[in-house]
Amino acid sequence: MVIEADGGSRGNPGPAGYGAVVRDAATGEVLAERYDSLGVTTNNVAEYSGLIAGLAAAAELNAERVAVKMDSKLVIEQMSGRWQIKNAGLRPLAAEAAALVGKFAGVTYEWIPRERNKAADELANRAMDEAAGAPVRQAPVKAESPKSWAPPASLEDATRIILVRHGATPLTAQGRYSGRGDVPLTDEGEAQAMAAAGRVAGISRDVAAVLSSPLSRCMRTAELIAAEAGGVPVTVMDDLIECDFGQWEAKTFAEVQERWPDEVAAWLASTSVAPPGGESFQAVAKRVRGALASVLSAYPGKVVVLVSHVSPIKLILRDALAAGDAFLHRLFLDAAGVSTMDVWPDGNIAVRSVNETAHLR
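Numbering-wise, our numbering puts 335 at position 326 of the sequence shown, and it's gapless, one number per residue.
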């Protein structure tokens, strides 16, 4: 069978999607099509996602040998083993693709020009339309070239996203993993949340929406922000919930490292690895990208506050800055810290601040 795969991002990073077509090698008959939106991410992540979808579809069809054809030189050369995978963020995707490759008796890779990859390109563009909240395209279109950032004609076109981590809880000062456990704010956390509300009001007096993780530490922080913003209602967004740390919940890193040393090492090395009984950062990233895409679709050109937790906020910032996965373990986010970014309709992003804390002093 032949796999034709593609992926793209409008803004790099920006609203992204992938497409894959599986054909009979002898007749060219289309046996399977796969496409999906990815929220906000990069071209390379989308291209690898297209390859993974194509390999999975071919495996479902019990293919013995497959020929992969893509117009992504990077993916073809890396999967062929001729180029190193220097971007840490792509390594888990390459590993996932390699695991699928192991299901076949043989896999070959061929770079093809974009005009020979129109079917997969069309599906990828359809997925990108869905990621951006635009009407789905019905006819093949030529994929957009990656764009370098350039100042837009007007800041008024941008959606301003204000990211706020909740205030402190009893677990915060102790440095314990706090995932799905519904721990409340401390008195200090309440004061921090009120200070964050003042900072948000300083950024904009025209907040259109305050969206929050369903956990009470975020909901209370969001309520204080919404009150300062003039009584804007708080809307629960389930996908903003913290990572599920499974058996590591309420434990310190030292305690986890002592009891699960091998699991911790694997978790730190790859975003595809989950804590025992928990959720991987890769899974968190997928739902958070979808949440952000929904926000951008629902509130174009508005100011929106997202009240969430360390992991979702880090993942949003990682994608916005086109950073690698090491970013997740090197960035510190304070309780009630505020980060701000602008996202334009064409996918361009400007991160204006990360972890502001002056309001807490």
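Every residue gets a Cβ at the ideal spot worked out from N, C-alpha and C, and that includes glycine. Note that the structure is predicted; figures quoted are calculated from it, not measured.
(message) Can you give me the C-alpha to C-alpha distance between residue 65 and residue 355, rounded to a whole angstrom?
(response) Cα-Cα distance, rounded: 31 Å.
(request) Kindly list the residues whose CB is nearer than 6 Å to the CB of residue 210, restricted to its own chain and excluding five residues on each side of it in sequence; keep chain order. (result) 237
(message) In this structure, how does DSSP classify residue 364 when only helix, strand and coil are distinguished?
(response) strand
(request) Look up residue 12 in the DSSP assignment and say whether it is helix, strand or coil. (result) strand
(message) Counting C-beta neighbours from all protein chains within 10 Å, is the total for residue 263 16 or more, i.e. buried, or is it exposed?
(response) exposed
(request) Could you tell me which of 223, 281 and 322 sits nearest to residue 297, measuring between CA atoms? (result) 322
(request) Given a cut-off of 9 Å, decide if residue 169 and residue 313 are closer than it, judged by their beta-carbon atoms. (result) yes
(request) Tell whether a beta-carbon distance below 9 Å holds between residue 280 and residue 334. (result) yes
(message) Comparing C-alpha positions only, which one of 250, 249 and 284 sits nearest to residue 266?
(response) 284
(message) Are there any heavy atoms of the ligand FMN lying less than 8 Å away from the beta-carbon of residue 339, as far as the coordinates show?
(response) The model depicted lacks the ligand FMN and carries no ligand whatsoever.
(message) Would residue 176 and residue 205 qualify as a contact pair, given that the criterion is a beta-carbon distance under 9 Å?
(response) yes
(request) Using alpha carbons as the reference points, say which of 15, 13, 14 and 25 lies closest to residue 303. (result) 25
(request) Assign residue 268 to one of two classes, buried (16 or more other C-beta atoms within 10 Å of its C-beta) or exposed (fewer than that). (result) exposed
(request) Name, in chain order, the residues that DSSP records as bridge partners for residue 86. (result) BP columns for residue 86 are empty, so no partner.
(message) Is the beta carbon of residue 28 closer than 9 Å to that of residue 138?
(response) no
(message) Which same chain residues end up closer than 7 Å to residue 115 when comparing Cβ atoms and leaving out the 5 residues on each side of it in sequence?
(response) 74
(message) DSSP three-state label for residue 351, please.
(response) strand
(message) Between 247, 248 and 233, which has its C-alpha nearest residue 241's C-alpha?
(response) Ranking 247, 248 and 233 by Cα distance to residue 241 puts 233 first.
(message) Suppose you measure from the CA of residue 152 to the CA of residue 18; what does that come to, to the nearest Å?
(response) With a pLDDT of 34 at residue 152, under the threshold of 50, the modelled position of this residue cannot be trusted; read the value that follows with caution. Take the alpha-carbon of residue 152 and the one of residue 18: they are about 9 Å apart.
(message) Considering only the alpha carbon of each residue, which of 22, 38, 53 and 40 lies closest to residue 16?
(response) 53
(message) Going by DSSP, what residue range makes up the alpha helix (DSSP H) through residue 206?
(response) 196-212
(request) Closer than 7 Å by C-beta to residue 49: which residues in its own chain qualify, once you throw out the five before and the five after it? Chain order, please. (result) 22, 23, 24, 25, 298, 301, 302 and 328
(message) Pull the bridge partners of residue 171 from the DSSP assignment, please.
(response) 314 and 349
(message) Do residue 59 and residue 166 count as a contact pair if the criterion is CB distance below 9 Å?
(response) Result no, Cβ atoms of residue 166 and residue 59 do not sit closer than 9 Å.
(message) Looking only at its chain, what residues have a beta carbon closer than 6 Å to the beta carbon of residue 105, apart from the 5 residues adjacent to it on each side?
(response) 61
(message) Going by DSSP in three states, residue 220 sits in which element: helix, strand or coil?
(response) strand
(message) To test your reading of the DSSP string, which unbroken beta strand (DSSP E) runs of 3 or more residues are found completely within the segment 17-83?
(response) 23-32, 39-50 and 74-79
(message) Excluding the 5 residues flanking residue 223 on each side, which residues of the same chain have their C-beta closer than 7 Å to its C-beta?
(response) 245, 247 and 250
(request) Work out the CA separation of residue 319 and residue 84 for me, nearest whole Å. (result) 31 Å
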